[in-house]
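Colleague: FYI, in the UniProt record's numbering the residues of the sequence shown are 1 to 473. Quick reminder that beta carbons are idealized off the backbone N, C-alpha and C, glycines included.
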Amino acid sequence: MATSWRTLISSSAAAATTSSSFSCPVDLSYVKTVPWDASLCQGTKRERCCGALLSLYGMGMAQHLKNTSEFQLPTRNASASCLSDFQEQLAALSIGSSVVPTCFPDPDQFVSSPSQCGGIVTLQDWIQKAGPTTPMDTACRGDFSDSARCGLCFRAGQAVNLNLTTLYPSTASKCFSFVCLYAAAFISDSGPMDPLTASCTLRLPLANAETTRKPSKGSKDRLLKVLLASFGGVLGVLLASALAVFYRKWERERKQTAYASGFSEATLFPNSGAKWFRLSELEQATNWFSQKNFLGQGGFGVVYKGTLEDGTLIAVKEMQAMDLQGDEEFSNEVEILCKIRHRNLLSLRGCCVATDDYGCKRRYLQAKHGKMEEILDETIKEQGPKAIMERFVLVGILCAHVMVAFRPTIADALKMLEGDIDIPQLPDRPLPLSHDSLRPLWDSLSISETSGWSSSTSAKLQSVCFEAAMTQD
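1. Under DSSP, the beta strand (DSSP E) around V302 begins and ends at which residues?
2. Taking the continuous alpha helix (DSSP H) assigned at E47, which residues delimit it?
3. Quick check on the burial criterion: 16 or more other C-beta atoms within 10 angstroms. Buried or exposed for Q116?
4. For D310, does the count of other Cβ atoms within 10 angstroms reach 16, so buried, or fall short, so exposed?
5. Taking just the CA atoms, how far does L282 sit from D422?
6. Taking Cβ positions, are residue 475 and C175 nearer each other than 8 angstroms?
7. What residue from C338, C352, I314 has the CA that sits closest to F277's CA?
8. Counting C-beta neighbours from all protein chains within 10 Å, is the total for Q72 16 or more, i.e. buried, or is it exposed?
9. Answer yes if the segment 60-68 comes into contact with the segment 182-189, meaning at least three C-beta pairs across the two stretches below 8 angstroms, and no otherwise.
10. If you draw a straight line from the alpha carbon of L167 to that of S173, how long is it in whole angstroms?
11. So who's on the other strand from V111, going by DSSP bridges?
12. Tell me, please, which residues DSSP counts as bridged to L313.
13. From A159 to T165, what distance separates their C-alpha atoms?
14. Should the segment 89-105 be called in touch with the segment 191-202, which here means at least 3 C-beta pairs below 8 angstroms?
15. Ends of the beta strand (DSSP E) at Q284?
16. Less than 8 angstroms between the C-beta atoms of W36 and L56, yes or no?
17. Between which two residues does the beta strand (DSSP E) harbouring Q297 extend?
18. Do you know whose CA, among C399, F86, V302, lies nearest A413's CA?
19. Ignoring anything shorter than 4 residues, give me the alpha helix (DSSP H) runs that lie fully in the segment 86-160, in order along the chain.
20. Between the alpha carbons of L152 and M136, how many angstroms are there, rounded?
21. What's the C-alpha gap between V316 and E335?
22. DSSP three-state label for T450, please.
23. What does the Cβ neighbour count give for N208, buried or exposed, with the cut at 16 atoms within 10 Å?
24. Does the Cβ of M403 have 16 or more other Cβ atoms within 10 Å, making it buried, or fewer, making it exposed?
25. Only counting the same chain, and skipping five residues up and downstream in sequence, which positions put a Cβ closer than 7 angstroms to that of A260?
26. What is the rounded straight-line gap between the Cα of residue 503 and the Cα of W288?
27. Give the secondary structure of C352 by DSSP, where H, G and I count as helix, E and B as strand, and everything else as coil.
28. Does the beta-carbon distance from C24 to D85 come in below 8 angstroms?
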């Protein structure tokens, strides 16, 4: 039975031998500074602890190979001394004193022997047995920050180990350990004391391996490509969306211009003072054709109240129910409004022809408030006093009022023309039921579930409508 390395060290100390064979040729101070996973040796998992300690101890052996060109320690006493020093370094990490003797009971495990891996003892032996170059010379270059490179190095080491065990089957022990030591000592650019080198070539488990290992260059390149591709895709979508919106806006304005150009400005009669408006001007004037600005609706359009930027109060009529032949009808109405003068027909301020989102034409007429002088035709202004002309116009408007109840009888009309009786105030057209001035009425009205509108409710509604019509403006 082999003598324990602890007993051997005690016997040597008792003899007070000063021979160098009893001192450890390996500096093991790195044990306390290398970020290895010491928690593996603080539990009950002996196999994982012994594997981690073998890799940790291998760092010192790889450095010894690099310094002396010897793969193992020269004597048993030197090996026992190194194991003792190794235990002392681990004790500083609060690892029990029985761990090293348990994992490495025989110091000869790390002593050179011709019976190990074809008799390889020194670097020169390695060159003779494995060859001056191996697959590891290219696969194990770098700092091993790339996990893919570490995998290549490991597979290259397996190939070299297979070659050695095939050539020397009777002495194949330790071949893989020598392969790992050689890669860490002579091929790695960072040297055996580098944690990443030890993690890859010696399989040393590192604490916080995810943060200790740097992102690989290949991973960085792939991540950069993914980010650039994603950014390019998002930028492309945004650019395409912006171009689509811009094109739709441009196409809309182009169609509006094209439709508007179909109507010669001469049609608006230069002397009328009318002009072409843009749809955006009308939308702003009417608060985007708000329901609050709704005035009424006829057979061919809806009328909205609006205010231009200069403060001019206008009425905007949106022509409806016009097909592709509606241009002629629109032109005819423009011509009529430019010629006639009537109190209930405001003078024409301008026109607008636009296209909606469905490709349909939308036509608008804008009228402004006028004066009594503008109602009279130029040919009759000088045929009598202004007051008499205005009286005739007012009587005519009253006789043609839209509400029959406000129209005078023929006898009363004659008396008004003669000046025998005064002309009553001309009531405006009745307000639409959706007008804001009638909203309080709707809030106060109640509908009977059984009888519908009551007679009192109907009378109240009629009274309020007439009162609103009489007092507006």
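Modeller: Well, looking at it:
1. One-based indexing of the sequence shown puts residue 302 at position 302. Unbroken beta strand (DSSP E) run through V302: 301-307.
2. Residue mapping note: residue 47 aligns to position 47 of the sequence shown, counting from 1. Looking at the DSSP string, the run of the alpha helix (DSSP H) that includes E47 is 46-68.
3. The sequence position of residue 116 within the sequence shown is 116, counting from 1. Q116 should be labelled buried.
4. Taking the first residue of the sequence shown as position 1, residue 310 is located at position 310. Exposed: under 16 other Cβ atoms inside 10 Å.
5. Indexing the sequence shown from 1 puts residue 422 at position 422. Indexing the sequence shown from 1 puts residue 282 at position 282. When rounded, the distance between both Cα atoms is 40 angstroms.
6. Only positions 1 to 473 of the chain appear in this structure, which leaves residue 475 out of reach.
7. Within the sequence shown, numbered from 1, the residue matching residue 277 stands at position 277. Checked all of C338, C352, I314; the closest Cα to F277 is C352.
8. The residue given as residue 72 occupies position 72 in the sequence shown. Result: buried.
9. yes
10. One-based indexing of the sequence shown puts residue 167 at position 167. One-based indexing of the sequence shown puts residue 173 at position 173. Whole-angstrom Cα-Cα distance: 12 angstroms.
11. Position 111 of the sequence shown holds residue 111. V111 is bridged to L73.
12. Working through the sequence shown from its first residue, we reach residue 313 at position 313. DSSP output for L313 lists T307 as bridge partner(s).
13. Numbered from 1 along the sequence shown, position 159 holds the residue referred to as residue 159. Numbered from 1 along the sequence shown, position 165 holds the residue referred to as residue 165. Taking the straight line from one Cα to the other gives about 10 angstroms.
14. no
15. Indexing the sequence shown from 1 puts residue 284 at position 284. Element bounds for Q284: not the beta strand (DSSP E) but the alpha helix (DSSP H), 279-285.
16. Taking the first residue of the sequence shown as 1, we reach residue 36 at position 36. Taking the first residue of the sequence shown as 1, we reach residue 56 at position 56. A contact, by the Cβ cut-off of 8 angstroms.
17. Position 297 of the sequence shown, counted from the first residue, corresponds to residue 297. That run of the beta strand (DSSP E) goes 294-297.
18. On the sequence shown, position 413 is the one that residue 413 refers to. Nearest C-alpha to A413: C399.
19. 99-103, 123-130, 136-139
20. Here the question's residue 152 lines up with position 152 in the sequence shown. Here the question's residue 136 lines up with position 136 in the sequence shown. So the alpha carbons of these two residues sit roughly 9 angstroms apart.
21. Position 316 of the sequence shown, counted from the start, is the residue given in the question as residue 316. Position 335 of the sequence shown, counted from the start, is the residue given in the question as residue 335. Whole-angstrom Cα-Cα distance: 17 angstroms.
22. Taking the sequence shown and counting its residues from 1, one reaches residue 450 at position 450. At T450, the pLDDT of 38 sits below 50, so the modelled position is not reliable; the number obtained from the coordinates is stated separately. In the structure shown, T450 sits in coil (DSSP, three-state: anything other than H, G, I, E or B).
23. Walking along the sequence shown from the start, residue 208 turns up at place 208. Exposed, since its Cβ has fewer than 16 Cβ neighbours within 10 Å.
24. One-based indexing of the sequence shown puts residue 403 at position 403. Label assigned to M403: exposed.
25. For the purposes of this step, residue 260 is taken as the residue at position 260 of the sequence shown. At A260 the pLDDT is 49, less than 50, meaning the model places this residue with poor confidence and gives no usable figure here.
26. In the structure as shown, the chain starts at 1 and stops at 473, and residue 503 therefore has no counterpart that could be examined.
27. As a first step, residue 352 must be located in the sequence shown, where it is residue number 352. Correct three-state label for C352: strand.
28. As a first step, residue 24 is located in the sequence shown; it is residue number 24 there, counting from the start. As a first step, residue 85 is located in the sequence shown; it is residue number 85 there, counting from the start. Cβ distance < 8 angstroms, so C24 and D85 count as in contact.
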